[in-house]
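Participant: Chains as they are written, first to last, in the working numbering: chain A, 104 to 899; chain B, 5 to 188. Have a look at this one.
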């Protein structure tokens, strides 16, 4: 069937506009808008004594200057704490503009609006803010000592403290299981900060319609529906008077799920106050110091295991650095602590985390969202177990795997969605078998020996993960077939380059039996779909994909019902092919969906030739029933929602072969192999693209990227010159293989794929470097100078 | 009128069309193209010349428009992503990127497209190593580059297929610019 597109590598429908410069990103909109710019704190921790704006007032083109004191009503209150949690006993959020105290370099203090951005920045440069310095708190271990405080009313700088414990099947606690185990290891791990770094920063553009009393906001966001609710609440506007649109968005990776950013409410407020269009486009330095970072954790591990390497007890204590504020709650450490178990069944598990304030940029999810740290911890642990026992690292993993016949598998923990951590499906032994074959695991010792004979050092590493994807609560889809035969699909969640327009069109075309060219998809526009959660947690395909499929099924059922009436056939005998409803086996008995759409909407007034068929004297209607029958609605459209009972659990395993230079300590990735299982693939080309991009970010996190704060809380590398993201020359060719273990939880059998690639990379590279060098790697990223230091330490 | 706002007339050829605007001396070429001429296909990713998203062709050669003042291109010729299509048809590079899934969010893409266009004009049948070198000055946060490398190779193939035997100094508009010997 020509319309069967699910599972095919369909080329992207987004690309035609994006390769010709016709995309519409935030800063491409509103050419006549006023420009906003911000005076941001140059200090990590200080009290604002005075703000003197007088020198700025002479700047030509200046329109307005605002400080916290100018903000009315709810705008003057702290920003919302988006995800409250009982363990987050001391959640704190920032004010849109700093009130009294700044707590990290980059916190906004003054908003300036001017005729253009150059002039707005001129004015910013002339504003004098007088500060009284307070002691900056930098570094999670220092902060945890609680000597100096980030927030006066948060003792010990502890925002949250949480313990989850799962006893072994024979009822032992983790401590008991570890103490009773034949072998015990104890060690510390450390992971640095990195950040999403989408190539397009954040941005907001607002238009106030004074006549209508309505506001239209464009934001480079991962959640337009939630921004809408926040803007309406903060500005005291009725929800129907606010619409929010995510235009083309130049990457997100997590940072744009946080909302409302200060600018997302300040810019609309300024637009309404001034009666002018106002736009703010984040520059790169602003993105470094005022958006969000992630990753930084210190982990203490105690593990007890038997002679086969089976983990009998595991106790992990995590210090999580969440920066100066907690707008996104404690999702990241919750994910670390629950996803740490990966594809393994552990005898007894105890995890404790403290989420700690520091005078640094706030920490919110970055692709992987706590999982890279979790996998680093678990996989480093299993590598140590293997090294201790002198066993092959893959054997130790296999000894701990959940078996394919054990699904659904309950890990006994509460996941990030507040629901039980129950894995839906998976086949870990098969994944590992495929991975070993792909990378040539068993023949590697020979390769290593040959390299050694040439004076080269190479090593192989492995890492496994499970990723909870497609978290609820829900997404919706709306599908309308209009009388021209076009199919209009909309969903509320947003797109940042994942190819949603393509995969959702594939789903709709397949479900409805129409050519994909006739399907158009809109995402992230509250004018089209008002109910949504957002794009995060590898959830878009699972959530909106299934919602759209369900909505299509409603529309299809209605189309068949109407067509059956018109064709005097049984709906059960009808099929839809290429947009035409026909009796199976009798192609001549047919009616185009376009005509069905006409018939679905009883008319008094014909607007074109085709529409005459639906008018009241056309003779088409039954006289025994009302034109719109009970339980029916006019139009060929449907809306449905998908709300899963739990998350789906994708999984994967990566392996890498690295070479380390004996002289320079440079680390080069020679090969990188991925086995990935996200259930049924909608579009394998797009899934592979997601994996490639994820691995590249993982390579950045493993070898290059870190946020370097000095003791004063200054971010020393807040530019692309100094924060080293991989170029094409740093990313290896990625070899992929797919395993498709369908999810039983949703109609399409799919699991999420967006974040997977990044998750195990640091663990894999650490494992490979360790294998090449015979040293212990316990912190990432690892730079040539780090490796050099480790070599010196080993030599001593 | 202050130093920041005194205006200078800049006249140049953009995508084959003569354009003119009066701008302050400090106006960057990237902002000039985007905000004064309304050609928003050129993107700004870092404002300090590292990411390459703002790359345009100045007299046929790739430059970072965020590191170039608009007043310095007076009298020159600029090609942006909007000018890469040929007679309304996507260019080989645009096709290569589309066919090979060489873009995701598309924000860095115009810079890669301009860079690759100039590269394939000068080197129509590149090796893997040469392609890698050619795109190694542009950052992409989405694709992991693998499909970008593939796309540039595919573009070379399409270019050879559609134009027969590749000429060392290219074709069409860009070839015309190159023949004039680069920057005036």
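Glycine included, each C-beta is placed from N, C-alpha and C at the ideal position.
Do residue 601 (chain A) and residue 643 (chain A) come within 8 angstroms of each other at the CB atom, strictly closer than that value?
Facilitator: yes
Participant: How do the region 463 to 471 of chain A and the region 530 to 542 of chain A stand: do at least 3 beta-carbon pairs fall below 8 angstroms, yes or no?
Facilitator: no
Participant: Please list, in chain order, the chain A residues whose beta carbon lies closer than 7 angstroms to that of residue 139 (chain B).
Facilitator: 831
Participant: Taking the straight line between their C-alpha atoms, what separation do you get for residue 263 (chain A) and residue 244 (chain A)?
Facilitator: Cα-Cα distance, rounded: 15 angstroms.
Participant: Classify residue 571 (chain A): buried if its beta carbon has 16 or more other beta carbons within 10 angstroms, exposed otherwise.
Facilitator: buried
Participant: May I have the straight-line CA-CA distance separating residue 172 (chain B) from residue 153 (chain B), to the nearest angstrom?
Facilitator: Because residue 172 (chain B) carries a pLDDT of 43, less than 50, the predicted location of this residue cannot be relied on, and the following value inherits that uncertainty. One C-alpha to the other measures close to 21 angstroms.
Participant: Check whether the Cβ atoms of residue 477 (chain A) and residue 378 (chain A) lie closer than 8 angstroms to each other.
Facilitator: No.
Participant: With a 10 Å radius around its C-beta and 16 neighbouring C-beta atoms as the bar for buried, classify residue 748 (chain A) as buried or exposed.
Facilitator: Under a 10 Å Cβ-count criterion, residue 748 (chain A) is classified as exposed, with fewer than 16 other Cβ atoms of the shown protein chains found around its own Cβ.
Participant: Using a Cβ-Cβ cut-off of less than 8 angstroms, list which residues of the region 43 to 65 of chain B approach chain A; keep chain order.
Facilitator: 43, 44, 45, 46, 47, 48, 49, 50, 51, 52, 54, 55, 57
Participant: When you compare only the Cα positions, how much space is there between residue 383 (chain A) and residue 141 (chain A)?
Facilitator: 9 angstroms
Participant: Is the region 787 to 803 of chain A touching the region 737 to 754 of chain A in the sense that three or more CB pairs, one from each, lie closer than 8 angstroms?
Facilitator: The answer is no - the region 787 to 803 of chain A does not touch the region 737 to 754 of chain A, with fewer than three Cβ pairs under 8 angstroms.
Participant: When you check each C-beta in the region 82 to 95 of chain B against every C-beta of chain A, which residues fall closer than 7 angstroms?
Facilitator: Per Cβ criterion, the list reads 84, 85, 86, 89, 94.
Participant: Does residue 795 (chain A) have its Cβ less than 8 angstroms from a Cβ in chain B?
Facilitator: The beta carbon of residue 795 (chain A) falls within 8 angstroms of a beta carbon belonging to chain B, placing the residue at that interface.
Participant: Applying the 10 Å Cβ sphere with the 16-neighbour rule, what's the burial state of residue 300 (chain A)?
Facilitator: buried
Participant: Can residue 761 (chain A) and residue 875 (chain A) be called in contact, C-beta distance under 8 angstroms?
Facilitator: yes
Participant: Assuming residue 165 (chain A) contacts residue 246 (chain A) under a Cβ cut-off of 8 angstroms, what Cβ separation, rounded to an integer in Å, is found between them?
Facilitator: About 40 angstroms separates the two Cβ atoms, so there is no contact after all.
Participant: For residue 495 (chain A), which option in A:575, A:363, A:564, A:223 has the closest C-alpha, if you only look at C-alpha atoms?
Facilitator: A:564
Participant: Since residue 152 (chain B) meets chain A, which of its residues come closer than 9 angstroms, beta carbon to beta carbon?
Facilitator: 831
Participant: Of all the options A:462, A:699, A:448, which has the alpha carbon lying nearest to the alpha carbon of residue 663 (chain A)?
Facilitator: A:699
Participant: How far does the beta strand (DSSP E) with residue 756 (chain A) in it reach, from first residue to last?
Facilitator: DSSP places residue 756 (chain A) in the uninterrupted beta strand (DSSP E) bounded by 751 to 763.
Participant: According to DSSP, is residue 544 (chain A) part of a helix, a strand, or is it coil?
Facilitator: coil
Participant: Nearest-angstrom Cα distance between residue 98 (chain B) and residue 480 (chain A)?
Facilitator: 43 angstroms
Participant: Compare the Cα-Cα distances from residue 411 (chain A) to each of A:855, A:783, A:501 and report the closest residue.
Facilitator: A:501
Participant: At a Cβ cut of 9 angstroms, what residues of the region 112 to 125 of chain A count as close to chain B, listed as they run along the chain?
Facilitator: Result list: 112, 114, 115, 117, 118, 119, 120, 121, 122, 123, 124, 125.
Participant: Taking the alpha carbon of residue 832 (chain A) as the point to measure from, which residue in B:160, B:155, B:137, B:164 has its own alpha carbon closest?
Facilitator: B:137
Participant: What residues from chain B crowd round residue 435 (chain A), counting only those whose CB sits closer than 7 angstroms?
Facilitator: Near residue 435 (chain A) there are no residues of chain B at all, since even the closest Cβ is about 20 angstroms away, more than 7 angstroms.
Participant: In chain B, what lies closer than 7 angstroms to residue 648 (chain A) by C-beta?
Facilitator: Near residue 648 (chain A) there are no residues of chain B at all, since even the closest Cβ is about 18 angstroms away, more than 7 angstroms.
Participant: Secondary structure at residue 136 (chain B), three-state DSSP: helix, strand or coil?
Facilitator: helix
Participant: Identify each residue in the region 590 to 608 of chain A for which the Cβ-Cβ distance to at least one residue of chain B is less than 8 angstroms, and report them in chain order.
Facilitator: 599, 600, 601, 602
Participant: Measuring only the C-alpha atoms, how far is residue 176 (chain A) from residue 39 (chain B)?
Facilitator: 35 angstroms
Participant: Quick one: using the 10 Å Cβ neighbour count with 16 as the cut-off for buried, is residue 51 (chain B) buried or exposed?
Facilitator: buried
Participant: Using the rule of at least 16 other Cβ atoms within 10 Å of the residue's Cβ for burial, across every protein chain shown, is residue 606 (chain A) buried or exposed?
Facilitator: buried
Participant: Comparing alpha-carbon positions, which option in A:409, A:358, A:418 lies nearest residue 392 (chain A)?
Facilitator: A:358
Participant: Three-state secondary structure (DSSP) at residue 214 (chain A)?
Facilitator: strand
Participant: Which residues, in chain order, does the region 811 to 825 of chain A contribute to contact with chain B at a C-beta distance below 7 angstroms?
Facilitator: 822, 823, 824
Participant: With DSSP run on the structure shown, which of helix, strand or coil describes residue 251 (chain A)?
Facilitator: The answer is coil: DSSP assigns residue 251 (chain A) none of H, G, I, E or B.
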